[in-house]
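What follows is a single structure, written as structure tokens, with notes after it.
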Amino acid sequence: DAGVIQSPRHEVTEMGQEVTLRCKPISGHDYLFWYRQTMMRGLELLIYFNNNVPIDDSGMPEDRFSAKMPNASFSTLKIQPSEPRDSAVYFCASRLSGRFSGANVLTFGAGSRLTVL
Amino acid sequence: GQQLNQSPQSMFIQEGEDVSMNCTSSSIFNTWLWYKQDPGEGPVLLIALYKAGELTSNGRLTAQFGITRKDSFLNISASIPSDVGIYFCAGLPGTASKLTFGTGTRLQVTL
Numbered sequence: 004d005a006g007v008i009q010s011p012r013h014e015v016t017e018m019g020q021e022v023t024l025r026c027k028p029i030s031g032h033d034y035l036f037w038y039r040q041t042m043m044r045g046l047e048l049l050i051y052f053n054n055n056v057p058i059d060d061s062g063m064p065e066d067r068f069s070a071k072m073p074n075a076s077f078s079t080l081k082i083q084p085s086e087p088r089d090s091a092v093y094f095c096a097s098r099l100s101g102r103f104s105g106a107n108v109l110t111f112g113a114g115s116r117l118t119v120l
Numbered sequence: 040g041q042q043l044n045q046s047p048q049s050m051f052i053q054e055g056e057d058v059s060m061n062c063t064s065s066s067i068f069n070t071w072l073w074y075k076q077d078p079g080e081g082p083v084l085l086i087a088l089y090k091a092g093e094l095t096s097n098g099r100l101t102a103q104f105g106i107t108r109k110d111s112f113l114n115i116s117a118s119i120p121s122d123v124g125i126y127f128c129a130g131l132p133g134t135a136s137k138l139t140f141g142t143g144t145r146l147q148v149t150l
């Protein structure tokens, strides 16, 4: 398996523009998570899905952020309009739930580094 | 909400030295995970712990699940330059679906 695939790896945009980050989880995983990482706040959970259904979006900063998971192999995180304070590295991660060894372990993608000017 | 206190925040050590870091929680966890993050990459799992008292090794790394279920420790023996990075602990309480992450320990290794 190629692991969790994120795109783009780097995005530089101007304030007010729409940003869409994409994620392909590991095939068969039933949970997908979106995290944001900054020096000041560390790793923050934004939202997570179970079987494509959003379960907890309490970490989404504000209405400018939205996430979708139209099918088991694809998710998007959208910021509209973007602001300089949104600059961060955004990680997607997936896992398979269960009670077996290795269950519940998050596998992260390489991240999307967003810079909003 | 639950919080994980990870210490130390940063460490500067010489190659060959042993390293210890730990995480403590205000509540019980049923799973402890240790991740390492290299610059420009996502966190990568080092060790997973599932039982109180469990001691697990992965090469030069050894991690322990505290018997109180409220703490975990990671040791790195004979550090080498490629050990440089940020180490995160993470805990999963019971049947909850969200991992709680520590704030990270930034490790620098000098020659």
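Listed in order, the protein sequences are those of chains A and B.
The first sequence maps to residues 4 to 120 in the working numbering.
The second sequence maps to residues 40 to 150 in the working numbering.
Ideal placement from N, C-alpha and C gives every residue a C-beta, glycine not left out.
Collapsed DSSP secondary structure at residue i in the structure displayed
| i | result |
| --- | --- |
| residue 40 of chain B | Note on residue 40 of chain B: pLDDT 49, under 50, position unreliable in the model; the coordinate value appears next. Looking at residue 40 of chain B - three-state DSSP - the assignment turns out to be coil, as it is neither helix nor strand. |
| residue 49 of chain B | strand |
| residue 88 of chain A | helix |
| residue 115 of chain A | strand |
| residue 57 of chain A | strand |
| residue 107 of chain B | coil |
| residue 130 of chain B | strand |
| residue 96 of chain B | strand |
| residue 120 of chain A | coil |
| residue 138 of chain B | coil |
Test: residue i CB closer than 8 Å to a CB of chain B
| i | result |
| --- | --- |
| residue 48 of chain A | yes |
| residue 93 of chain A | no |
| residue 114 of chain A | yes |
| residue 82 of chain A | no |
| residue 101 of chain A | no |
| residue 107 of chain A | yes |
| residue 53 of chain A | yes |
| residue 59 of chain A | yes |
| residue 31 of chain A | no |
| residue 10 of chain A | no |
Beta-bridge partners of residue i, as assigned by DSSP
| i | result |
| --- | --- |
| residue 45 of chain A | A:41 |
| residue 87 of chain B | B:72 |
| residue 78 of chain A | A:26 |
| residue 20 of chain A | Beta-bridge pairing links residue 20 of chain A to no other residue. |
| residue 35 of chain A | A:52, A:97 |
| residue 115 of chain B | B:58, B:100 |
Residue interval of the beta strand (DSSP E) (run including residue i)
| i | result |
| --- | --- |
| residue 102 of chain B | 100-104 |
| residue 60 of chain B | 58-64 |
| residue 71 of chain A | 68-74 |
| residue 122 of chain B | Residue 122 of chain B -> no beta strand (DSSP E), and no H or E assigned at all. |
| residue 13 of chain A | 13-16 |
| residue 100 of chain A | Segment: none, residue 100 of chain A is in no beta strand (DSSP E) and carries neither H nor E. |
| residue 147 of chain B | 144-149 |
| residue 8 of chain A | 8-10 |
Proximity test, Cβ basis, 8 Å: residue i and chain A
| i | result |
| --- | --- |
| residue 82 of chain B | yes |
| residue 46 of chain B | no |
| residue 70 of chain B | yes |
| residue 142 of chain B | yes |
| residue 102 of chain B | no |
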